[in-house]
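Below: one structure, written as C-alpha coordinates.
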Amino acid sequence: MQRDIEVKLLRTLMAVVEENGFARAAQTLHVTQPTVSQQIQRLESIIQAPLFQRAKRPLRLTPAGREVVAHARRVILLNNEVLSKLSTLHSQKSFSMGCSVHFADGLRSMLSQLAVERPHLRCAMATGLSAVLADQLARGELEAALLLGTETPRCETLGRLRLAWFGEVPLVPGDRFPVALVSERSALSIRIVDTLAERNVPWRSVPWCSDPVSVRASVQAGLAYTALPAQTHHNHPALRPAPPGVLGPAPEPLPVYLAFSSSAPEPVVDAARAVARATLKGLPLSPP
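987 is the number of the first residue of the sequence shown in our numbering; add one for each residue after it.
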(Lines of atoms letter the chains of each structure in order from A and count residues from 1; the text may use other names and numbers.)
(Lines give C-alpha, C1' and ligand atoms only; values in the text may rest on other atoms or scores of the structure.)
Protein backbone atom coordinates (compact mmCIF):
# COMPACT_ATOMS: atom_id res chain seq x y z
CA MET A 1 0.00 0.00 0.00
CA GLN A 2 1.37 3.40 -1.01
CA ARG A 3 2.02 5.84 1.82
CA ASP A 4 2.33 9.60 1.27
CA ILE A 5 3.77 12.20 3.62
CA GLU A 6 2.07 15.57 3.77
CA VAL A 7 4.38 18.55 3.50
CA LYS A 8 2.56 20.07 6.48
CA LEU A 9 3.79 17.23 8.69
CA LEU A 10 7.37 17.75 7.53
CA ARG A 11 7.10 21.46 8.32
CA THR A 12 5.98 20.58 11.85
CA LEU A 13 8.90 18.19 12.25
CA MET A 14 11.38 20.82 11.11
CA ALA A 15 9.87 23.36 13.49
CA VAL A 16 10.30 20.98 16.44
CA VAL A 17 13.92 20.31 15.45
CA GLU A 18 14.81 23.94 14.84
CA GLU A 19 13.04 25.23 17.98
CA ASN A 20 14.31 22.27 20.06
CA GLY A 21 10.94 21.49 21.54
CA PHE A 22 7.24 20.99 20.99
CA ALA A 23 6.08 24.09 22.90
CA ARG A 24 8.30 26.54 21.02
CA ALA A 25 7.45 24.84 17.72
CA ALA A 26 3.77 25.39 18.47
CA GLN A 27 4.41 29.10 19.01
CA THR A 28 6.32 29.35 15.72
CA LEU A 29 3.57 27.54 13.80
CA HIS A 30 0.77 29.43 15.59
CA VAL A 31 -0.93 26.23 16.71
CA THR A 32 -1.40 24.50 20.07
CA GLN A 33 1.15 22.11 21.52
CA PRO A 34 -1.31 19.17 21.35
CA THR A 35 -1.68 19.86 17.63
CA VAL A 36 2.09 19.63 17.17
CA SER A 37 2.16 16.37 19.13
CA GLN A 38 -0.67 14.92 17.04
CA GLN A 39 1.06 15.82 13.77
CA ILE A 40 4.35 14.26 14.91
CA GLN A 41 2.47 11.11 15.95
CA ARG A 42 0.75 11.04 12.56
CA LEU A 43 4.11 11.32 10.79
CA GLU A 44 5.51 8.50 12.95
CA SER A 45 2.55 6.30 12.04
CA ILE A 46 3.25 6.90 8.34
CA ILE A 47 6.96 6.07 8.53
CA GLN A 48 6.27 3.36 11.12
CA ALA A 49 9.10 4.45 13.40
CA PRO A 50 9.62 6.93 16.25
CA LEU A 51 11.19 10.25 15.33
CA PHE A 52 12.42 11.35 18.75
CA GLN A 53 14.01 9.72 21.79
CA ARG A 54 11.39 11.14 24.13
CA ALA A 55 12.93 9.71 27.30
CA LYS A 56 16.03 11.86 26.90
CA ARG A 57 16.52 15.56 27.41
CA PRO A 58 17.35 17.60 25.49
CA LEU A 59 15.15 16.28 22.67
CA ARG A 60 17.10 14.01 20.33
CA LEU A 61 16.25 12.48 16.96
CA THR A 62 16.24 8.75 16.39
CA PRO A 63 18.14 7.36 13.37
CA ALA A 64 14.82 7.31 11.49
CA GLY A 65 14.19 10.89 12.57
CA ARG A 66 17.57 12.03 11.28
CA GLU A 67 16.87 10.36 7.94
CA VAL A 68 13.46 12.03 7.60
CA VAL A 69 14.90 15.44 8.52
CA ALA A 70 17.64 15.06 5.89
CA HIS A 71 14.99 14.62 3.19
CA ALA A 72 12.39 16.96 4.67
CA ARG A 73 14.37 20.10 3.88
CA ARG A 74 14.58 19.16 0.18
CA VAL A 75 10.90 18.24 -0.02
CA ILE A 76 9.85 21.54 1.57
CA LEU A 77 12.15 23.54 -0.72
CA LEU A 78 10.84 21.71 -3.80
CA ASN A 79 7.25 22.28 -2.69
CA ASN A 80 7.93 26.01 -2.26
CA GLU A 81 9.69 26.20 -5.62
CA VAL A 82 6.81 24.56 -7.49
CA LEU A 83 4.22 26.82 -5.87
CA SER A 84 6.34 29.90 -6.54
CA LYS A 85 6.77 29.04 -10.22
CA LEU A 86 3.07 28.32 -10.66
CA SER A 87 2.17 31.57 -8.94
CA THR A 88 4.50 33.50 -11.23
CA LEU A 89 3.20 31.65 -14.28
CA HIS A 90 -0.43 32.48 -13.55
CA SER A 91 0.42 36.10 -12.76
CA GLN A 92 2.10 36.40 -16.17
CA LYS A 93 -1.03 36.83 -18.29
CA SER A 94 0.67 38.05 -21.45
CA PHE A 95 4.06 38.62 -23.02
CA SER A 96 5.39 40.31 -26.13
CA MET A 97 7.36 38.38 -28.71
CA GLY A 98 8.87 39.18 -32.07
CA CYS A 99 9.11 36.79 -34.99
CA SER A 100 11.31 37.11 -38.05
CA VAL A 101 9.26 37.66 -41.18
CA HIS A 102 10.90 34.54 -42.61
CA PHE A 103 9.03 32.40 -40.07
CA ALA A 104 5.64 34.07 -40.52
CA ASP A 105 4.17 31.01 -42.26
CA GLY A 106 4.25 29.14 -38.95
CA LEU A 107 2.39 31.74 -36.89
CA ARG A 108 -1.13 30.44 -37.50
CA SER A 109 -0.39 26.92 -36.27
CA MET A 110 1.66 28.33 -33.40
CA LEU A 111 -1.13 30.57 -32.14
CA SER A 112 -3.60 27.69 -32.36
CA GLN A 113 -1.29 25.42 -30.39
CA LEU A 114 -0.63 28.11 -27.78
CA ALA A 115 -4.37 28.58 -27.26
CA VAL A 116 -4.73 24.86 -26.49
CA GLU A 117 -1.59 24.35 -24.37
CA ARG A 118 -1.61 27.64 -22.44
CA PRO A 119 -5.12 29.11 -22.61
CA HIS A 120 -4.39 31.55 -19.77
CA LEU A 121 -1.46 33.11 -21.64
CA ARG A 122 -1.69 35.74 -24.36
CA CYS A 123 1.17 36.33 -26.79
CA ALA A 124 1.35 39.78 -28.38
CA MET A 125 3.22 38.93 -31.60
CA ALA A 126 5.13 41.35 -33.82
CA THR A 127 6.82 40.41 -37.10
CA GLY A 128 9.73 42.16 -38.75
CA LEU A 129 13.33 41.89 -39.81
CA SER A 130 15.50 40.13 -37.26
CA ALA A 131 17.85 43.11 -36.93
CA VAL A 132 14.91 45.41 -36.14
CA LEU A 133 13.46 42.95 -33.63
CA ALA A 134 16.86 42.67 -31.94
CA ASP A 135 16.89 46.46 -31.53
CA GLN A 136 13.42 46.30 -29.95
CA LEU A 137 14.63 43.63 -27.53
CA ALA A 138 17.55 45.81 -26.51
CA ARG A 139 15.17 48.71 -25.81
CA GLY A 140 12.86 46.48 -23.76
CA GLU A 141 9.97 46.84 -26.23
CA LEU A 142 9.85 43.05 -26.67
CA GLU A 143 10.49 40.29 -24.14
CA ALA A 144 11.47 37.56 -26.61
CA ALA A 145 12.07 37.15 -30.33
CA LEU A 146 12.63 34.37 -32.84
CA LEU A 147 15.48 35.59 -35.04
CA LEU A 148 17.19 34.43 -38.22
CA GLY A 149 20.94 35.00 -38.35
CA THR A 150 20.96 37.79 -35.76
CA GLU A 151 22.61 36.98 -32.43
CA THR A 152 21.96 38.93 -29.23
CA PRO A 153 23.62 38.96 -25.78
CA ARG A 154 20.94 36.69 -24.30
CA CYS A 155 19.88 34.02 -26.76
CA GLU A 156 19.73 30.30 -27.46
CA THR A 157 20.64 28.64 -30.76
CA LEU A 158 17.74 26.46 -31.92
CA GLY A 159 19.27 25.13 -35.12
CA ARG A 160 20.48 26.11 -38.57
CA LEU A 161 17.95 26.85 -41.32
CA ARG A 162 18.77 25.19 -44.63
CA LEU A 163 18.35 27.40 -47.69
CA ALA A 164 17.67 26.84 -51.39
CA TRP A 165 17.64 28.92 -54.58
CA PHE A 166 14.28 29.74 -56.14
CA GLY A 167 13.34 31.30 -59.46
CA GLU A 168 13.37 30.73 -63.19
CA VAL A 169 14.12 33.83 -65.22
CA PRO A 170 14.59 34.02 -69.01
CA LEU A 171 17.99 35.68 -69.54
CA VAL A 172 19.66 37.30 -72.51
CA PRO A 173 23.19 35.89 -72.95
CA GLY A 174 25.64 38.01 -70.98
CA ASP A 175 22.94 39.50 -68.74
CA ARG A 176 23.39 39.47 -64.98
CA PHE A 177 21.11 37.38 -62.79
CA PRO A 178 18.32 39.47 -61.23
CA VAL A 179 18.09 38.81 -57.48
CA ALA A 180 15.33 39.89 -55.08
CA LEU A 181 16.44 40.87 -51.56
CA VAL A 182 14.40 41.97 -48.55
CA SER A 183 16.66 44.59 -47.01
CA GLU A 184 20.31 45.40 -46.61
CA ARG A 185 19.90 44.66 -42.85
CA SER A 186 18.45 41.21 -43.45
CA ALA A 187 20.80 38.38 -42.45
CA LEU A 188 19.37 36.31 -45.30
CA SER A 189 20.03 39.08 -47.83
CA ILE A 190 23.58 39.46 -46.52
CA ARG A 191 24.13 35.70 -46.84
CA ILE A 192 22.81 35.78 -50.44
CA VAL A 193 25.07 38.68 -51.44
CA ASP A 194 28.14 37.12 -49.80
CA THR A 195 27.46 33.77 -51.48
CA LEU A 196 27.12 35.31 -54.94
CA ALA A 197 30.28 37.36 -54.40
CA GLU A 198 32.30 34.34 -53.25
CA ARG A 199 31.27 32.42 -56.38
CA ASN A 200 31.78 35.34 -58.75
CA VAL A 201 28.20 35.08 -59.98
CA PRO A 202 27.25 38.15 -62.06
CA TRP A 203 24.05 39.54 -60.57
CA ARG A 204 22.00 42.67 -60.19
CA SER A 205 19.51 43.64 -57.52
CA VAL A 206 15.90 44.19 -58.42
CA PRO A 207 14.32 47.05 -56.43
CA TRP A 208 14.40 46.35 -52.69
CA CYS A 209 11.35 44.45 -51.50
CA SER A 210 9.71 45.35 -48.20
CA ASP A 211 9.04 41.78 -47.02
CA PRO A 212 9.23 38.12 -48.09
CA VAL A 213 5.77 38.34 -49.65
CA SER A 214 6.98 40.83 -52.26
CA VAL A 215 10.17 38.82 -52.74
CA ARG A 216 8.12 35.70 -53.43
CA ALA A 217 5.88 37.67 -55.79
CA SER A 218 8.91 38.80 -57.81
CA VAL A 219 10.20 35.24 -58.00
CA GLN A 220 6.80 33.77 -58.85
CA ALA A 221 6.39 36.33 -61.64
CA GLY A 222 9.65 35.17 -63.21
CA LEU A 223 11.37 38.49 -62.52
CA ALA A 224 14.04 37.43 -60.05
CA TYR A 225 15.91 34.71 -58.19
CA THR A 226 16.32 34.54 -54.43
CA ALA A 227 17.26 32.18 -51.62
CA LEU A 228 14.58 31.12 -49.14
CA PRO A 229 14.21 28.37 -46.57
CA ALA A 230 14.40 25.03 -48.35
CA GLN A 231 10.96 23.51 -48.98
CA THR A 232 9.27 26.94 -49.02
CA HIS A 233 7.61 25.83 -52.26
CA HIS A 234 5.67 23.21 -50.28
CA ASN A 235 3.61 26.02 -48.72
CA HIS A 236 3.79 28.21 -51.82
CA PRO A 237 3.38 25.94 -54.86
CA ALA A 238 3.77 28.84 -57.31
CA LEU A 239 7.42 29.13 -56.25
CA ARG A 240 9.75 27.18 -58.48
CA PRO A 241 13.11 25.91 -57.28
CA ALA A 242 15.90 27.29 -59.45
CA PRO A 243 17.29 24.89 -62.06
CA PRO A 244 20.26 22.98 -60.61
CA GLY A 245 23.58 24.74 -61.04
CA VAL A 246 22.22 28.08 -62.25
CA LEU A 247 23.51 30.00 -59.24
CA GLY A 248 25.68 27.25 -57.82
CA PRO A 249 25.12 25.41 -54.52
CA ALA A 250 22.64 26.86 -52.06
CA PRO A 251 23.94 29.38 -49.51
CA GLU A 252 25.16 27.97 -46.21
CA PRO A 253 22.45 27.51 -43.54
CA LEU A 254 21.68 30.41 -41.23
CA PRO A 255 21.51 30.05 -37.44
CA VAL A 256 18.11 30.44 -35.78
CA TYR A 257 18.12 32.14 -32.38
CA LEU A 258 15.55 32.48 -29.63
CA ALA A 259 16.49 35.77 -27.99
CA PHE A 260 15.30 37.43 -24.78
CA SER A 261 15.39 40.87 -23.28
CA SER A 262 17.67 41.28 -20.28
CA SER A 263 14.65 41.44 -17.96
CA ALA A 264 12.53 38.59 -19.38
CA PRO A 265 11.35 36.42 -16.43
CA GLU A 266 11.55 32.62 -16.44
CA PRO A 267 7.83 32.10 -17.29
CA VAL A 268 8.31 34.22 -20.44
CA VAL A 269 11.42 32.24 -21.37
CA ASP A 270 9.50 28.98 -20.93
CA ALA A 271 6.50 30.22 -22.93
CA ALA A 272 8.72 31.62 -25.70
CA ARG A 273 10.40 28.24 -26.09
CA ALA A 274 7.00 26.62 -26.60
CA VAL A 275 6.06 29.31 -29.13
CA ALA A 276 9.35 28.86 -31.00
CA ARG A 277 8.97 25.08 -31.23
CA ALA A 278 5.47 25.43 -32.66
CA THR A 279 6.49 28.16 -35.12
CA LEU A 280 9.51 26.27 -36.47
CA LYS A 281 7.69 22.96 -36.80
CA GLY A 282 8.21 21.54 -40.27
CA LEU A 283 11.03 23.90 -41.25
CA PRO A 284 14.28 22.38 -42.58
CA LEU A 285 16.43 22.87 -39.48
CA SER A 286 19.79 21.22 -38.93
CA PRO A 287 21.21 20.81 -35.39
CA PRO A 288 23.08 23.84 -34.01
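In this text, a Cβ means the ideal position worked out from N, Cα and C, and glycines have one as well.
Nothing here was measured: the structure is a model prediction, and the numbers come from that model.
**OP:** Report the three-state DSSP secondary structure of R1148 (helix, strand or coil).
**Re:** coil
Subject >> Start-end ranges of the beta strand (DSSP E) lying completely within the segment 1162-1228, minimum 3 residues >> reply: 1163-1165, 1189-1191 and 1212-1215
Original post:
Under a Cβ-count criterion, where at least 16 other Cβ atoms within 10 Å of its own Cβ denotes burial, should G1084 be classed as buried or exposed?
Top reply: buried
Subject >> CB-CB length for L1244 against C1141, believed under 8 Å >> reply: 6 Å
**OP:** Leaving aside the five residues before and after T1181 along the sequence, list all residues of the same chain whose C-beta is less than 6 Å from its C-beta, in chain order.
**Re:** P1237
Original post:
Straight-line CA distance for V1158 to P1164?
Top reply: 12 Å
Subject >> Backbone secondary structure at E1127 - three-state DSSP >> reply: coil
Original post:
Using a Cβ-Cβ cut-off of 7 Å (strictly less than) and excluding sequence neighbours within five positions of Q1217, which residues of its own chain qualify?
Top reply: P1270
Original post:
How about G1208 and G1092: are their beta carbons less than 9 Å apart?
Top reply: no
Subject >> Alpha-carbon to alpha-carbon, R1148 and A1001 >> reply: 59 Å
**OP:** Note down the Cα distance separating P1215 from A1117, rounded to an integer number of angstroms.
**Re:** 18 Å
Original post:
Do the segment 1018-1037 and the segment 1092-1101 meet, that is, are 3 or more Cβ pairs less than 8 Å apart?
Top reply: no
Original post:
Counting Cβ pairs, one atom from each stretch, are 3 or more of them under 8 Å apart for the segment 1217-1229 and the segment 1114-1131?
Top reply: no
**OP:** Note down the Cα distance separating G1160 from S1098, rounded to an integer number of angstroms.
**Re:** 50 Å
**OP:** Just list the beta strand (DSSP E) runs in the segment 1051-1098, keeping only unbroken ones of 3 residues or longer that don't cross its boundaries, in chain order.
**Re:** 1080-1086
Original post:
I think A1009 touches Q1019, with their Cβ atoms under 8 Å apart; what is that distance to the nearest whole Å?
Top reply: 5 Å
Subject >> Extent of the continuous beta strand (DSSP E) to which L1115 belongs >> reply: That residue, L1115, is in no beta strand (DSSP E); it is neither H nor E in DSSP.
Original post:
How far does the alpha helix (DSSP H) with L1266 in it reach, from first residue to last?
Top reply: E1252 to L1266
Subject >> Straight-line gap, F1089 to L1115 (C-alpha atoms, nearest Å) >> reply: 10 Å
**OP:** Please determine, among P1188, A1012 and R1043, the residue with the shortest C-alpha to C-alpha distance to L999.
**Re:** A1012
Original post:
So what's V1017 in DSSP terms, helix, strand or just coil?
Top reply: coil
**OP:** Verify whether the separation of the beta carbon atoms of S1204 and A1210 is less than 9 Å.
**Re:** yes
Subject >> Which listed residue (A1112, G1145 and V1201) has its alpha carbon closest to that of S1191 >> reply: V1201
**OP:** Report the partner residues of Q1039 according to the DSSP bridge assignment.
**Re:** R1046
Subject >> Those residues which DSSP pairs with S1272 across a bridge >> reply: R1146
Subject >> Per-residue DSSP class, three states only, for L1132 >> reply: strand
Original post:
What does A1011 pair with, by DSSP beta-bridge criteria?
Top reply: According to DSSP, which records beta bridges pairwise, A1011 is partnered with nothing at all.
**OP:** Using DSSP bridges, identify the partner residues of R1108.
**Re:** S1080
Original post:
Looking only at its own chain, which residues have a Cβ that is under 7 Å from the Cβ of V993, when we skip the five neighbours before and after it?
Top reply: V1061, I1062 and N1065
Subject >> Separation of G1153 from L1233, as counted between CA atoms >> reply: 10 Å
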